[in-house]
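So the protein lines, in turn, are chains A and B.
Numbering that gives the first Met the number 0 puts the first residue of the first sequence at 0, with every later residue one more than the last.
Numbering that gives the first Met the number 0 puts the first residue of the second sequence at 0, with every later residue one more than the last.
Worksheet for the structure shown next.
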Amino acid sequence: MFVELNNLLNTTPDRAEQGKLTLLCDAKTDGSFLVHHFLSFYLKANCKVCFVALIQSFSHYSIVGQKLGVSLTMARERGQLVFLEGLKSAVDVVFQAQKEPHPLQFLREANAGNLKPLFEFVREALKPVDSGEARWTYPVLLVDDLSVLLSLGMGAVAVLDFIHYCRATVCWELKASILYLMQGNMVVLVHDSGDAEDEENDILLNGLSHQSHLILRAEGLATGFCRDVHGQLRILWRRPSQPAVHRDQSFTYQYKIQDKSVSFFAKGMSPAVL
Amino acid sequence: MAAVATCGSVAASTGSAVATASKSNVTSFQRRGPRASVTNDSGPRLVSIAGTRPSVRNGQLLVSTGLPALDQLLGGGLAVGTVLLIEEDKYNIYSPLLFKYFLAEGIVNGHTLLVASAKEDPANILQELPAPLLDDKCKKEFDEDVYNHKTPESNIKMKIAWRYQLLPKMEIGPVSSSRFGHYYDASKRMPQELIEASNWHGFFLPEKISSTLKVEPCSLTPGYTKLLQFIQNIIYEEGFDGSNPQKKQRNILRIGIQNLGSPLWGDDICCAENGGNSHSLTKFLYVLRGLLRTSLSACIITMPTHLIQNKAIIARVTTLSDVVVGLESFIGSERETNPLYKDYHGLIHIRQIPRLNNLICDESDVKDLAFKLKRKLFTIEVREFLCFSLQS
């Protein structure tokens, strides 16, 4: 996790808010550094994490995670991390008939209506274990990234339904015997296609923007490529359930990504310029 | 035909094999690269495969694209396990050149090739590869080697020249495995001996589409499905993903797919804006990415993106590819007669470079790149601006 980003978001792994949906969005740049941040953040916060990684392989996240101070392999071994490697599973699903429903079952079907098998996988992964003692603080679902599901033939509405079901399960589910709220968090990444006129993606992005509590938007600079400033990050806090009396807070920072960290500064205050 | 024989019973054999591969967590196959298990106790073993080198930044295995100038712009080369997407220029004149350079580099390094096309027979594509520029001293030694190893049996093999041989009988000259990235003479053809000595597989769509193979139900167009099965079969059979216990492979598979997305592949994204198969191409790229990430292979795809009607598909294709390079030739545009561009044949845009195993990538500072095809070489240069207009 990036310490500077924690300061900007006013959180630490010890006292993070629960029951929140965070939307990561990138436009004209690569916002994957935010995914790495949240992955290491929640692993350090001792949460049970279900990571649906659709776009890169496990070793990619593992190697970057090591730079950020978490070991994904060890987290997976001790049960803290449930990792769905989309690329490897897709190869299994497409080339081999599966007996049980596979999370990526929709790849085999011509007109898959919904993402139910994927939701079942997430629910199974984040189910609280009846061991008595609470090993992990709260569950977290991380998805990288949702726009790939659109590329694979799912409609925007099906993806929104999937997120809705996941939210209902992860953020608010009640345990049968004891009434306690399993308030978990969700973090999803969606690409903003900008002027590519991707209607499905726009529907998905707008729908999620209205539901999320925190939106982190990584944008490329309007003036183009710069070696010292890699982009701009807009942070928007929202309270979707409350009336719009309180204005949503929004901050904008520029950032530069380094080998193991990301440095943030106010607009125009890059160390290279000053 | 040998090609059909290798594809026979694809589904049955690969099904069981894939199951065993996925169940075993530890395979004897270790390699240092983007998919190497980092916490392995024995540590990452440096695999010295001909024609590869580790990246300076993070030790990732790189192969040359065949153009040393392009290698430099991509941060040293193309990472093993990734896709290089070439957005074709308008009249498809220069993108086949990059395609052939990639394949020629594979032959010079002794890599296995897989050439897929819906338009041209892969055997013909291989005949048209450019000749490598060898040093004069090495060239003499190479000629002598060829002469010494030639036996009467190889004359018989020349009759069936297009069949690949599993083990090359002739040593490629000393220049091939010691260097990374070679220069090619576009005006000469690759020597026949080098092509015959190489191990290559061809996928020519009109031949494959007529044969009745058991096709797994999938919502891709039949051409894409057959190509995916062919690639997966080669990767498994020749051991590029380490799951085949009989085959210990220490070589790279170079996959070249030409004109992907064109109507010849049965896809209609170039004809209609909202066709019935709008997800076929992106699904294909996704499954291909999955195959590449788990094997020792690198892929070049040329795609006529200027023909794709739906701009959203181009954005999705870019996200699903790793390196995206766009070619824009000046032929037929007003830039052809513009004095600023008179030395060049077109512009080359590096649209995307992947961030693999890293937060940052080796982006080149220069974004203004132009290419020209001289008689022998394809060069990429920074566009030089002449400031005559500023002087009064």
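Note that beta-carbon positions come from the ideal geometry of N, C-alpha and C, so glycine has one too.
Bear in mind that the values here come from a model prediction, so they are computed numbers and not experimental data.
Nearest to S277(B) by alpha-carbon distance, out of L287(B), R288(B) and P262(B), is P262(B). Among the bridge pairs identified by DSSP, G219(A) is matched with none. Straight across, the Cα-Cα distance linking L69(B) with Q253(A) is about 30 Å. Spanning the alpha carbons of L291(B) and G325(B) requires a straight line of approximately 22 Å.
Around E108(A), the beta-carbon contacts reaching into chain B at under 7 Å are S218. If you look at E104(B), you'll find it in the alpha helix (DSSP H) that goes S94 to N108. Contact between A217(A) and G78(A) does not hold, since the beta-carbon distance rounds to 32 Å and is not under 8 Å. When only Cα atoms are considered, N356(B) and A221(A) end up about 27 Å apart.
A Cβ-Cβ distance of about 5 Å is found for the pair G75(B) and S54(B), placing them in contact under the 8 Å criterion.
For R253(B), the enclosing beta strand (DSSP E) starts and ends at L252 to I256.
Counting every other CB atom within 10 Å of its CB across the protein chains shown gives N337(B) a total below 16, marking it as exposed. With respect to the 8 Å criterion, R188(B) and L112(B) are not classified as neighbours on the basis of their beta carbons. For D266(B), the nearest beta carbon of chain A is not closer than 8 Å to its own beta carbon. Of all residues in the stretch 343–365 of chain B, only R354, L355, N356, N357, L358, I359 and D364 place a beta-carbon less than 7 Å from a beta-carbon of chain A.
For Q351(B), the enclosing beta strand (DSSP E) covers residues G345 to Q351.
No Cβ-Cβ contact shorter than 8 Å links S320(B) with L72(B). Between the stretch 40–53 of chain A and the stretch 6–16 of chain A there are three or more C-beta pairs closer than 8 Å, enough to call the two in contact.
Under a 10 Å Cβ-count criterion, C270(B) is classified as exposed, with fewer than 16 other Cβ atoms of the shown protein chains found around its own Cβ. Taken in chain order, the whole beta strand (DSSP E) runs of length 3 or more contained in the stretch 81–166 of chain A are 138–143. In this structure, the beta-carbon distance from L84(B) to M302(B) falls below 8 Å. Contact with chain A is found for H278(B), since one of that chain's Cβ atoms lies less than 8 Å from the residue's Cβ. In this structure, DSSP gives S208(A) a helical state, which the three-state scheme calls helix. Leaving aside the five residues that flank D160(A) on each side, the residues in its chain whose CB is nearer than 8 Å to its CB run, in chain order, N113 and L114. In this structure L227(B) is in contact with L287(B), their Cβ atoms being roughly 7 Å apart against a cut-off of 8 Å. In chain order, F94 make up the part of chain A whose C-beta sits under 7 Å from the C-beta of Q231(B). Below 8 Å, enough C-beta pairs join the stretch 228–240 of chain A and the stretch 201–219 of chain A to call them touching: three or more. No Cβ-Cβ contact shorter than 8 Å links F101(B) with G58(B).
Contacts with chain B at 8 Å (Cβ-Cβ) include V63(A). The beta carbons of A297(B) and R253(B) sit about 6 Å from each other, so the pair counts as a contact at 8 Å. Boundaries of the alpha helix (DSSP H) around A196(B): Q191 to A196. Take the alpha-carbon of S279(B) and the one of A271(A): they are about 46 Å apart.
In summary, Q248(A) is exposed, with fewer than 16 beta-carbon neighbours lying within 10 Å of its beta-carbon over all protein chains present. The secondary-structure analysis by DSSP pairs V51(A) across a beta bridge with L83(A) and V142(A). Interface criterion not met: the Cβ of G74(B) is under 8 Å from no Cβ in chain A. In the three-state reduction of the DSSP assignment, C46(A) falls in the coil class. Just so you know, the alpha carbons of D201(A) and A195(A) end up roughly 10 Å apart.
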